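K.L.:
In our numbering, the protein residues as written are -19 to 265. Glycine is no exception: its CB is placed at the ideal position from the N, C-alpha and C atoms. Source: prediction; values computed, not measured. Following this message is one structure expressed as structure tokens.
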């Protein structure tokens, strides 16, 4: 990376991806916090991990299933962010302590009709056809899966198996969801396939992930002088007219009803989260 004195980093989206990018720019790339600018249309940071309300009425739109052998970037980041409850500990210390003190022991994962426990399925119960379908999903390149549903890769019988019901209930999948996203989850958690109850290996935060992760991270970024522009809508971006790269030359945004723009120099960096799992979510009454 170039010398950081002149670099301005513009981060569009204050979800975990944008916040992490800002943190790594400050912590690892040594960019001055005042040179890092975060934009988000929401008034609260967190994206799919946001949270707002009171103890009586609280909305948290998303939660992640964590696991120690993976999510190494997450653990690396939060190993340097102070806990709110105990600033002498990091958020990572807090997570480890909480899970050591509260180990999971799953007695039952699925309940069938008439509250009948669903028998756990062993790996040998997965049919050869299902195994072949899983292998195909695993090996096929993502650029050949664009626009395809999960149901395009498996026979109907697969969606009646114990494996599918456990997987779908853990990660919120439906058969019409993206096959690419499904593949990514299967690959990421493949090391838990032999465990009778994969949920036992999942790592939890002490509270919801906004209060346990996003809020400490935002507090740390603010302490470093990072510039937060919340309630600010990025409307468009201009790009350089070059063939071999996608480089932003100007950012157009609206803040407090006023149209503004930022001209990007060759020293600057623009990072954009172009979408979110909860972007179009709505809360009922």
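1. If you scan the segment 180 to 256 from start to end, which runs of the alpha helix (DSSP H) of 4 or more residues do you find wholly inside it?
2. Just to confirm my understanding: we take residue 323, look at its own chain, exclude 5 residues before and 5 after, and list those with CB closer than 6 Å. What are they?
3. Please work out which residues of its chain come closer than 6 Å, Cβ to Cβ, to residue 200, disregarding the five sequence neighbours upstream and downstream, and give them in chain order.
4. What is the rounded straight-line gap between the Cα of residue -10 and the Cα of residue 30?
5. Can you tell me the Cα-Cα spacing of residue 9 and residue 16, whole angstroms?
6. Roughly how far, in whole angstroms, is the beta-carbon of residue 216 from the beta-carbon of residue 232, given that I think they are within contact range, below 8 Å?
7. Take the Cβ of residue 67 as the centre, count every other Cβ of all protein chains shown within 10 Å, and call the residue buried at 16 or more, exposed below.
8. Going straight from the alpha carbon of residue 135 to that of residue 243, what length do you get?
9. What do you reckon, are the CB atoms on residue 144 and residue 138 nearer than 8 Å?
10. Examine chain C for any beta-carbon lying closer than 8 Å to the beta-carbon of residue 143, and answer yes or no.
11. Which stretch, first to last residue, makes up the beta strand (DSSP E) that contains residue 38?
12. Under 8 Å, do residue -3 and residue 257 count as touching if we go by C-beta distance?
13. Just to confirm the assignment, what range does the beta strand (DSSP E) spanning residue -10 have?
14. Can you name the start and end residues of the beta strand (DSSP E) that residue 16 belongs to?
15. Checking the sheet assignment: what are the DSSP bridge partners for residue 70?
16. Using CA coordinates, which residue listed in 13, -12, 154, -14 is at the minimum distance from residue 203?
17. What did DSSP end up calling residue 120 once you bin it into helix, strand or coil?
18. Report yes or no: do three or more beta-carbon pairs, one from the segment 160 to 168 and one from the segment 180 to 195, lie closer than 8 Å?
19. If distances are taken between C-alpha atoms only, which option among 241, -8, 169 comes closest to residue 250?
20. For the beta strand (DSSP E) that residue 31 lies in, which residues bound it at each end?
21. When the Cα atoms are used, what is the spatial distance from residue 185 to residue 79?
22. Using C-beta distances below 7 Å, list every residue in its chain close to residue 109, excluding the 5 sequence neighbours before and after it, in chain order.
P.N.:
Per the coordinate set shown:
1. 195 to 203
2. Residue 323 lies beyond the stretch modelled for the chain, which goes from -19 to 265, so this question has no answer here.
3. 61
4. 21 Å
5. 11 Å
6. 4 Å
7. exposed
8. 52 Å
9. yes
10. Looking for chain C here will not work: only one protein chain is present.
11. 38 to 40
12. no
13. -11 to -8
14. 16 to 20
15. 62
16. 13
17. coil
18. no
19. -8
20. 31 to 33
21. 8 Å
22. 135
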